[in-house]
Ligand SMILES: [Zn+2]
Ligand SMILES: [Zn+2]
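Residue numbers (the numbering used here), protein chains in the order written: chain A, 494 to 810; chain B, 494 to 810; chain C, 37 to 361; chain D, 37 to 361.
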């Protein structure tokens, strides 16, 4: 299920220098300019991969993100060694990204509406999902239920993390068990698929949002190129398994260019969240109850925003 | 939605003479012999269409069928006249079949298990569904809910009855509204599709059984030949839209030769109905409650079996 | 009611001085490709519309559009059939003939409507479901059945607006609701007049008579109790003033949502169930038809003629029952 | 645990004197085409089996069989992967590689299980979902995700039996349950050893090492807390005595259904949720990794090394955590 992708050069993710060559049009782009366009090529519209941190900054109301559980750290439960030992891979990824694993979760506001969000980081071992990533997705979902605020997950992953063996496989069940509870609680869930969203991440939470959004040209697929080629030997067209393909096949609601992503999510939240003032717009969900998170968030924002100080559950549980 | 079918000669349905020519193999078959084989050609297996009454006799425990609402009678609400006036068509069908409309419903037992059943009769204006047929399906479903006994519907219909206009179309909504309640009540529903099950009957209750059974080679389709040919001009293969086609396309659970139909339904009832003795086989449905119909049925069977005497709801409601 | 049609269309239609031609003119007006479709009406009615795509099973059907709209500040889930404005769009939208994926998409979005407490507004304008093999074999019948069923129990208000052709099960798949509204020149029928004529008259040439016999016009459907509200069209028909048409629809829809929104959900769903549960007239005869083996024709006729009308299915004006039944 | 494998298979396998070969011999045994599949096991275990077909959306997948069975008088819903017995059947069953329709059929039948209070028994033996375009584009990912999700909340007991290969998400799609049972020679892995080797070793030739590294054997999976019960196989493996294999499975399954059937449904579903909710070890570090811009490597290493293990995810034997993390 975790698949080898047709990786673009790793430096695209975290370009170390001033210039980046666009894989879409081969134009050389000045990095500072590229940051201003949210790392979308102004020439051809190619969407570069971006870090979880950059993604969060692009999406949420300025300064509103309060990270939770940044201290969750993977372990090498299997003593896994391939060409490198898993701990060495982890440490290299941690040093490169400043993250302990391939996802960040926390509470934030978008258009002044509170949300619970989890964002994956492809720069950390291909955004692969081991126990920590699964745990963060699960906790983001549980916080959404507890606070009755929408859940937003931005996926960017090569799939399950092989080095954690079947523990990684079990993250599909762990995350889906929480997503089912999110749905049962009538808590909105928006899934955003970015390049790439593949393997076990596509085969769990990423595929089943109330609304599934995707960035243009994002590669989204379950079976990898090698797996397909090795087992089946099919020739696939170049547009195969890109975002547009999935919209025509019924699995993506909307393709949203990065420049419009924040606004579009805010618009969707405006529909998915019933107005809190009591006018008789329509009958409320039978399970709805008062939200306390907005107050909690306001409190958190007046602190220094360090997630460690907010590890406990905000609000009334 | 009501479609013109490639009708076999009408006399197949109610053969007026001693011999019948098999449309499957052209063999001349002696009618008395054909009745012994449940009107299945012993030579080629062709399943002849049979009347609702014959169907019920073949399926249920001997003498257990208690008809309900035999007195429901169609009206010509639209004053509909085509080449004939609708009342004339109705009277001719009533005289030919001894039925007031194209369905019979009632309570019965199969393998000593009580059921509520509705059986359509193709001999009555092509088994078309107008207000009376829809009403009988709905009442059969409501009795199944009230008694907490399985619902069995045997379809045989060319579709909605044009002569009742949109009232016929509304029978799709009427029957489905009750089927949804049957499902919500966790009352088992077995749909049997026989030749033909088409148009609005296929596009309502017939398609959505917990288990969908079909007789071999039964024609099952929504759009009719003429509709398809006129609008689209597609060439269709001979096996198109027969029972086997629907099994491979995922809409029929099992194809059951008529000789095995009764046994197979009894077997399915054995699974779908939890045993009433209290041994801890599995947790009971939260909505289950005691059944009273078996007693009521036993009472009914000791009377003369005239449905008019059992018009009220049996059991504890 | 044919007179009413004559009065409206007498000026701009030929041959409307006989009832059959008047009804056929009405049918043609309902099918006028220039009439505003779902997206055009929405553009005029809604402050905001976010289309949602895909059935999460097989595909996205462009002949049915679904999404979230904001109408006069109110969040609404919209489902509607969509014909094309030109040939290219018509090809892309399959001439407005939906496949199963369209109904399955609609069901997915209706589920969101229920879960997030948005009322549902549907626009019905469809000749019927796509009658080809691709729709048949992917289960157009099952999809329509399930969508009808879901709408009978959906726990949120539903208002249906028939804007053009309400054709057969393909239309009913999105046309179960608490209030059924129809534009004046729309039609609603169990089968197209052409299909009906082909089967009953054995010739499509009799489609005009079939349209008359089936009482397909919005006004007749209202008299039959199928349609609740008929909205008069501006000018020479909806296509001559789409903006005013949209305004009239919006007014009725908002009033309905206000009224339905005040009904507790349990009552709302129960009332919708009753509305469709009792559709269609019948009578209860004094005694069952005797089996043909035992009785003579005269006896049977007497039995049939002694039927007493009761029509529990009729909610409003009882149509004239023919006494010979 | 490799020694245990050596002890069992040393006699009939070559090169089992080194751990890697022993594990590979285990993998080959798990894949032995002669091992009994779902239908063969059912034939031996069940008094009665009625297969049900179709997903009610698109098709019927012969690589997954579903139906009602009666086992020692108990009504059970059975779902299982099915490889063929010969070439012809293998082609018909797509070599046991399921399409989305298989999981959607399974979900439909699981719904019947819940509604009619039948426990669910699944047999897992699949290399993985079909990796071709037909499965991909019809949403194999969505189907697996939904099936996994449904099983985490299904309100009826579920016992999973891994009989051969438990391969990746394709297997997990039918492998969420209250009790996970595995035949001794079965394997369970997040990706096939070949796939893992291709990606991590950049060569499929290293599949043996990948199998070892991923701890794929039933015994190892039990030690990791993924598998609850390992059933010893008779003779030289399940294929040498399918009847005895079926007998042993039936015994365990019936005991499990008895035990699970005594648990109130709310508790049962909550316990199943907890079981999967806590899967997978992690630790909580003392402080977050400092951003790379601000701290030197030495500081960061110190931060990482000072992590304290807590592993809330581990239910039983905590695997040996590597201290350098
Ligand atoms: Zn570019
Ligand atoms: Zn024959």
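Backbone N, C-alpha and C define an ideal beta-carbon position, used for all residues, glycine too. Quantities reported herein were computed from a predicted structural model and do not represent experimental measurements.
Residues of the same chain with a CB within less than 7 Å of the CB of residue 687(B), apart from the 5 flanking positions on each side, are 647, 648, 649, 708 and 711 in chain order. Within its own chain, the residues whose Cβ lies closer than 6 Å to the Cβ of residue 553(A), once the five positions on either side in sequence are excluded, are 601 and 603, listed in chain order. Per DSSP, reduced to three states, the secondary structure at residue 536(B) is coil, with no helix or strand assignment. Remark: the C-beta of residue 735(B) is outside contact range of ligand 2, defined as less than 8 Å to any heavy atom. Residue 262(D) carries a coil assignment under DSSP once its states are collapsed to helix, strand and coil. DSSP places residue 710(B) outside any beta strand (DSSP E), giving it a letter other than H or E. For residue 767(B), there is no enclosing beta strand (DSSP E), as DSSP marks it with neither H nor E. In summary, the residues of the region 165 to 181 of chain C whose CB is separated from some CB of chain D by less than 8 Å are 174, 175 and 178, in the order they occur in the chain. Scanning chain A for C-beta atoms nearer than 7 Å to the C-beta of residue 93(C) yields 743, reported in chain order.
Residue pairing from DSSP leaves residue 176(C) without any beta-bridge partner.
With its beta carbon at least 9 Å from every one in chain A, residue 117(D) lies outside the interface. The C-beta of residue 555(A) has fewer than 16 other C-beta atoms within 10 Å across all chains shown, which makes the residue exposed.
The contact set of residue 765(B) on chain D, defined by CB atoms closer than 7 Å, consists of 152 in chain order.
Rounded to whole angstroms, the gap between the alpha carbons of residue 669(A) and residue 210(D) is 13 Å. For a cut-off of 8 Å, the C-beta gap from residue 666(B) to residue 184(C) is around 5 Å, short enough to register as a contact. Every residue whose beta carbon comes nearer than 6 Å to a heavy atom of ligand 1 appears here in chain order: 515(A), 517(A), 518(A), 520(A), 534(A), 536(A), 537(A) and 539(A). In this structure, the CA atom of residue 167(D) is about 13 Å from the CA atom of residue 696(A).
For residue 306(C), the enclosing alpha helix (DSSP H) stretches over residues 301 to 313. Just measuring C-alpha positions, the residue of 543(A), 741(A) and 570(A) sitting nearest residue 92(C) is 741(A). Around the beta carbon of residue 109(D), fewer than 16 other beta carbons lie within 10 angstroms, which makes this residue exposed. A straight line joining the alpha-carbon of residue 55(C) with that of residue 606(B) spans about 56 Å. Sequence-ordered contacts of the region 240 to 262 of chain D with chain A read 249, 250, 251, 257, 260 and 262 [C-beta pairs closer than 7 Å]. Under the three-state reduction of DSSP output, residue 117(D) falls in the strand class. Assigned with DSSP and collapsed to three states, residue 611(B) falls in strand. Within chain B, the residues placing a beta-carbon under 8 Å from that of residue 86(D) are 747, 757, 760, 761 and 764, ordered along the chain. Residues of chain B with a Cβ closer than 7 Å to the Cβ of residue 104(D) are, in chain order, 764. Here residue 728(B) is exposed, its C-beta having fewer than 16 other C-beta atoms within 10 Å. Close CB contacts of residue 522(A) within its chain, under the 8 Å cut and outside five residues either way in sequence, are with 512, 513, 514, 515, 534, 535 and 536 (chain order). The three-state reading of DSSP puts residue 528(B) in helix, counting H, G and I together. By the criterion of a C-beta distance shorter than 6 Å, residue 573(A) is surrounded in its chain by 579 and 656, once the five residues flanking it on both sides are discounted. DSSP links residue 523(A) through a beta bridge to 512(A).
In chain order, 146 and 150 place their CB closer than 6 Å to the CB of residue 190(C), counting only its own chain and leaving out the 5 sequence neighbours on each side.
Taking C-alpha positions only, residue 642(A) is separated from residue 525(A) by approximately 35 Å. The nearest non-hydrogen atom of ligand 2 is 8 Å or more from the C-beta of residue 531(B). Per DSSP, residue 580(A) is one residue of the alpha helix (DSSP H) stretching across 579 to 590. Taking 9 Å as the cut-off, the beta carbon of residue 678(A) is found closer than this to the beta carbon of residue 638(A).
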